[in-house]
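Numbers 0 to 116, taken from numbering that gives the first Met the number 0, label the letters of the sequence shown in order.
Every residue gets a Cβ at the ideal spot worked out from N, C-alpha and C, and that includes glycine.
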Amino acid sequence: MSESVFAQYWMEDSERYFLVFQNAPWEETNYEFYLLTKDFLVLDRVHLFSPDDRDDELVDSYELKGGVFSFRKYENGNRYKVLIKKEGEMRYSLDDLKYRLILGALKPVKYLQLTPL
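Put into C-alpha coordinates, the structure is as follows:
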(Lines of atoms letter the chains of each structure in order from A; the text may use other names.)
(Lines give C-alpha, C1' and ligand atoms only; values in the text may rest on other atoms or scores of the structure.)
Protein backbone atom coordinates (compact mmCIF):
# COMPACT_ATOMS: atom_id res chain seq x y z
CA MET A 0 0.00 0.00 0.00
CA SER A 1 1.31 3.43 -0.93
CA GLU A 2 0.55 5.90 1.86
CA SER A 3 0.93 9.60 2.39
CA VAL A 4 0.63 11.75 5.49
CA PHE A 5 -2.91 13.10 5.67
CA ALA A 6 -2.61 14.95 9.00
CA GLN A 7 0.06 15.32 11.66
CA TYR A 8 -0.01 16.86 15.12
CA TRP A 9 2.47 17.49 17.92
CA MET A 10 0.61 17.14 21.22
CA GLU A 11 2.48 19.39 23.63
CA ASP A 12 0.79 18.20 26.83
CA SER A 13 1.82 14.55 26.34
CA GLU A 14 4.91 15.17 24.17
CA ARG A 15 3.68 12.78 21.50
CA TYR A 16 2.97 12.86 17.77
CA PHE A 17 -0.36 11.85 16.28
CA LEU A 18 -0.22 10.96 12.56
CA VAL A 19 -2.91 10.03 10.06
CA PHE A 20 -1.89 8.23 6.87
CA GLN A 21 -4.07 7.88 3.76
CA ASN A 22 -3.34 5.35 1.03
CA ALA A 23 -2.96 6.14 -2.68
CA PRO A 24 -6.20 7.16 -4.47
CA TRP A 25 -6.15 4.23 -6.92
CA GLU A 26 -6.59 1.78 -4.03
CA GLU A 27 -9.51 1.48 -1.64
CA THR A 28 -9.34 4.49 0.66
CA ASN A 29 -8.00 3.36 4.01
CA TYR A 30 -6.63 5.34 6.92
CA GLU A 31 -4.08 4.46 9.59
CA PHE A 32 -3.71 6.38 12.84
CA TYR A 33 -0.40 6.32 14.73
CA LEU A 34 0.66 7.61 18.13
CA LEU A 35 4.43 8.14 18.41
CA THR A 36 6.77 9.16 21.20
CA LYS A 37 8.91 12.27 20.80
CA ASP A 38 11.69 9.87 19.69
CA PHE A 39 9.39 8.52 16.93
CA LEU A 40 8.75 5.13 18.52
CA VAL A 41 5.29 3.70 17.78
CA LEU A 42 3.12 3.51 20.90
CA ASP A 43 -0.07 2.40 19.16
CA ARG A 44 -1.90 2.32 15.83
CA VAL A 45 -5.42 1.67 14.56
CA HIS A 46 -6.84 1.25 11.05
CA LEU A 47 -10.04 2.34 9.32
CA PHE A 48 -10.77 0.31 6.19
CA SER A 49 -13.31 1.26 3.53
CA PRO A 50 -15.80 -1.37 2.40
CA ASP A 51 -14.88 -3.38 -0.69
CA ASP A 52 -15.44 -1.58 -4.02
CA ARG A 53 -15.74 1.85 -2.35
CA ASP A 54 -13.03 4.33 -3.22
CA ASP A 55 -15.06 7.47 -2.51
CA GLU A 56 -14.88 7.46 1.27
CA LEU A 57 -12.36 10.25 1.72
CA VAL A 58 -12.18 12.21 4.96
CA ASP A 59 -13.87 15.56 4.44
CA SER A 60 -13.52 17.51 7.69
CA TYR A 61 -11.41 16.73 10.73
CA GLU A 62 -9.96 18.24 13.91
CA LEU A 63 -7.92 17.29 16.96
CA LYS A 64 -9.29 18.82 20.13
CA GLY A 65 -8.86 17.78 23.74
CA GLY A 66 -7.30 14.40 22.98
CA VAL A 67 -10.01 13.44 20.46
CA PHE A 68 -9.45 13.35 16.69
CA SER A 69 -12.89 13.59 15.07
CA PHE A 70 -13.60 13.36 11.36
CA ARG A 71 -16.33 12.86 8.76
CA LYS A 72 -16.33 10.86 5.51
CA TYR A 73 -17.15 12.88 2.36
CA GLU A 74 -19.61 10.73 0.41
CA ASN A 75 -21.47 8.82 3.10
CA GLY A 76 -21.28 11.40 5.92
CA ASN A 77 -20.26 8.81 8.51
CA ARG A 78 -18.58 10.35 11.55
CA TYR A 79 -15.83 8.81 13.67
CA LYS A 80 -13.57 9.70 16.55
CA VAL A 81 -10.19 8.47 17.68
CA LEU A 82 -9.78 8.85 21.43
CA ILE A 83 -6.13 9.45 22.37
CA LYS A 84 -5.40 8.44 25.95
CA LYS A 85 -2.43 9.83 27.88
CA GLU A 86 -2.28 6.69 29.97
CA GLY A 87 -2.79 3.49 28.04
CA GLU A 88 -5.05 0.69 29.11
CA MET A 89 -4.74 -3.08 28.98
CA ARG A 90 -7.00 -4.40 26.19
CA TYR A 91 -6.80 -6.22 22.89
CA SER A 92 -8.97 -6.86 19.91
CA LEU A 93 -8.54 -9.99 17.83
CA ASP A 94 -6.76 -7.95 15.11
CA ASP A 95 -4.33 -6.54 17.68
CA LEU A 96 -3.33 -10.01 18.78
CA LYS A 97 -3.02 -11.29 15.21
CA TYR A 98 -0.90 -8.45 13.85
CA ARG A 99 1.21 -7.90 16.95
CA LEU A 100 2.05 -11.59 17.24
CA ILE A 101 3.02 -11.70 13.56
CA LEU A 102 5.23 -8.66 13.96
CA GLY A 103 6.71 -10.06 17.17
CA ALA A 104 5.77 -7.01 19.21
CA LEU A 105 3.11 -7.92 21.74
CA LYS A 106 2.48 -4.72 23.69
CA PRO A 107 -0.28 -4.87 26.30
CA VAL A 108 -1.04 -1.15 26.33
CA LYS A 109 -3.50 0.59 23.99
CA TYR A 110 -3.62 4.38 23.67
CA LEU A 111 -5.93 4.80 20.66
CA GLN A 112 -9.59 3.86 20.37
CA LEU A 113 -11.51 4.29 17.08
CA THR A 114 -15.27 4.66 17.46
CA PRO A 115 -18.05 5.38 14.93
CA LEU A 116 -20.45 8.13 16.05
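- In this structure, residue 5 lies near residue 20, with their beta-carbon atoms less than 8 angstroms apart.
- Of the residues assessed, residue 68 falls on the buried side of the cut-off, its CB having 16 or more other CB atoms within 10 angstroms.
- Shown here, residue 59 sits in a strand according to DSSP, grouped into three states.
- Under DSSP, residue 116 forms no beta bridge with any residue.
- Here the C-alpha atom of residue 85 lies approximately 26 angstroms from the C-alpha atom of residue 2.
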